[in-house]
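**Q**
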Amino acid sequence: MARTKSDAGEPASTPKQKKPKKQRWYHQVWSAYKMTKRQDPLVTWVMLAVFCGVLAVALLIGFLTGHPIYAAVVGLPFALLAAMFILTRRAERAAYTQIEGQPGAVRAALGTVRGGWTFDDEPVAVNRQQDLVFRGVGRAGVVLVSEGPAHRVQRMLDDERRRTTRVIQNVPVTTIQVGGEAGQVPLPKVARQVQKMKKQLTRAEAGEVGKRLKALGGVRLPVPKGVDPLRARPDRKGMRGR
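Here it is, written out as structure tokens:
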């Protein structure tokens with residue numbers, strides 16, 4: 058009897074893994090719509106109102122000019138675009154509502170910043186209450202963005218600003234507090250706030266600043282009160298095996 062490849066000790070051929078299906082644009086639109094509707098149940102009616110409103114204006118212009126069918130054909134894509142614009146804005150608002158209040162929400166919002174900005178994935182400072190400070194580098198200089206109550210994060214921002222200016226000189230360092238208190242920037246507006254900052258560096262200079270800041274290392278964990286790591290003494294009894 059003829060032996061198979063597996064009988065002869067050769068590995069049997071494994072079935073080919075199926076490639077994941079490519080998501081079409083309408084799948085993404087549908088996912089965004091479902092996510093938005095969970096947070097904003099009125100989104101469907103708002104989109105329909107905008108769609109019908111734009112189409113009605115187009116028909117009105119068509120009747121006034123004597124070409125209603127032509128106006129309807131031209132107005133239909135504009136009505137669809139207007140409805141998609143409403144969905145995009147509502148989806149953005151729903152996404153921020155979904156993550157607001159969660160640790161790291163500021164980093165997720167900063168991920169939408171464009172214009173050559175780069176942000177560290179990990180915070181550069183954190184305290185016992187899980188307040189965070191994130192750092193970004195761009196052509197406007199260095200920006201430090203905090204997450205937490207104003208009375209706790211202000212000292213963290215000041216300390217981090219001092220650490221940063223010791224490594225780089227003549228580079229603007231801007232601090233932004235994100236939150237719902239007076240003087241803080243709301244989470245949905247922080248990306249726009251960063252993008253509005255005035256450019257003062259070239260791309261090459263911004264890249265050099267980013268390299269220098271890597272010398273600062275990662276996050277600094279808070280040391281518990283009463284513990285000084287520089288004065289810590291070893292347990293001599295434990296060292297003697299007692």
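This note's numbering puts the first residue of the sequence shown at 58, with every later residue one more than the last.
Ideal Cβ positions, reconstructed from N, Cα and C, are used throughout, including at glycine.
1) Do you know offhand how far Leu-112's Cα is from Lys-94's?
2) Look at Val-300 and Ala-182 and say whether their C-beta atoms are less than 7 Å apart.
3) Could you say if the segment 210–221 and the segment 167–183 meet the contact criterion of at least three C-beta pairs nearer than 8 Å?
4) When the Cα atoms are used, what is the spatial distance from Glu-204 to Leu-121?
5) For Ala-139, I'd like the list of residues in its chain whose CB is within less than 6 Å of its CB, leaving aside the five on either flank, ordered along the chain.
6) With three or more beta-carbon pairs closer than 8 Å as the criterion, would you say the segment 242–257 touches the segment 162–172?
7) Decide if the segment 137–155 is in contact with the segment 80–93; the criterion is three or more beta carbon pairs, one per stretch, under 8 Å apart.
8) Tell me, please, which residues DSSP counts as bridged to Phe-191.
9) Which residues bound the alpha helix (DSSP H) around Ile-126?
10) Can you list, in chain order, the residues of its chain whose CB lies under 6 Å from that of Arg-192, leaving out five sequence neighbours each side?
11) If you draw a straight line from the alpha carbon of Gly-198 to that of Glu-238, how long is it in whole angstroms?
12) Pop quiz: Leu-116 and Ala-128 are said to be a contact at Cβ under 8 Å. What is the actual Cβ separation, rounded to whole angstroms?
13) Closer than 7 Å, CB to CB, is Cys-109 near chain D or not?
14) What did DSSP end up calling Ile-233 once you bin it into helix, strand or coil?
15) Considering only C-alpha positions, which residue in the set Arg-219, Pro-243 and Val-224 is nearest to Lys-268?
16) Among His-84, Trp-82, Pro-243 and Thr-232, which has the Cα closest to the Cα of Ala-166?
**A** Result, derived from the coordinates:
1) Translated into the one-based positions of the sequence shown, residue 112 becomes position 55. Translated into the one-based positions of the sequence shown, residue 94 becomes position 37. Their Cα atoms are separated by approximately 23 Å.
2) Nothing can be reported for residue 300: it is not among the residues displayed for the chain, which extend from 58 to 299.
3) yes
4) For the purposes of this step, residue 204 is taken as the residue at position 147 of the sequence shown. For the purposes of this step, residue 121 is taken as the residue at position 64 of the sequence shown. Spanning the two alpha carbons is a distance of roughly 55 Å.
5) Taking the sequence shown and counting its residues from 1, one reaches residue 139 at position 82. Correct list, in chain order: Val-107 and Val-111.
6) yes
7) yes
8) Here residue 191 is taken as the residue at index 134 of the sequence shown, counted from 1. Paired residue(s): Val-202.
9) Taking the sequence shown and counting its residues from 1, the one referred to as residue 126 is at position 69. Ile-126 -> alpha helix (DSSP H) spans 125–156.
10) Residue mapping note: residue 192 aligns to position 135 of the sequence shown, counting from 1. Within the same chain, Arg-192 has close Cβ partners Asp-177, Val-181 and Leu-201.
11) Start at 1 with the first residue of the sequence shown, and residue 198 comes out as number 141. Start at 1 with the first residue of the sequence shown, and residue 238 comes out as number 181. Roughly 26 Å separates the two Cα atoms.
12) Here residue 116 refers to the residue found at position 59 when the sequence shown is read from its first residue. Here residue 128 refers to the residue found at position 71 when the sequence shown is read from its first residue. Yes, Leu-116 and Ala-128 are in contact; Cβ-Cβ is about 6 Å, under 8 Å.
13) Among the protein chains of the structure shown there is no chain D, as only one such chain exists.
14) In the sequence shown, residue 233 corresponds to position 176, counting from 1. Here Ile-233 sits in strand by DSSP.
15) Counting from one through the sequence shown, the residue named residue 268 turns up at place 211. Checked all of Arg-219, Pro-243 and Val-224; the closest Cα to Lys-268 is Val-224.
16) The residue labelled residue 166 in the question sits at position 109 within the sequence shown. Answer by Cα proximity: Pro-243.
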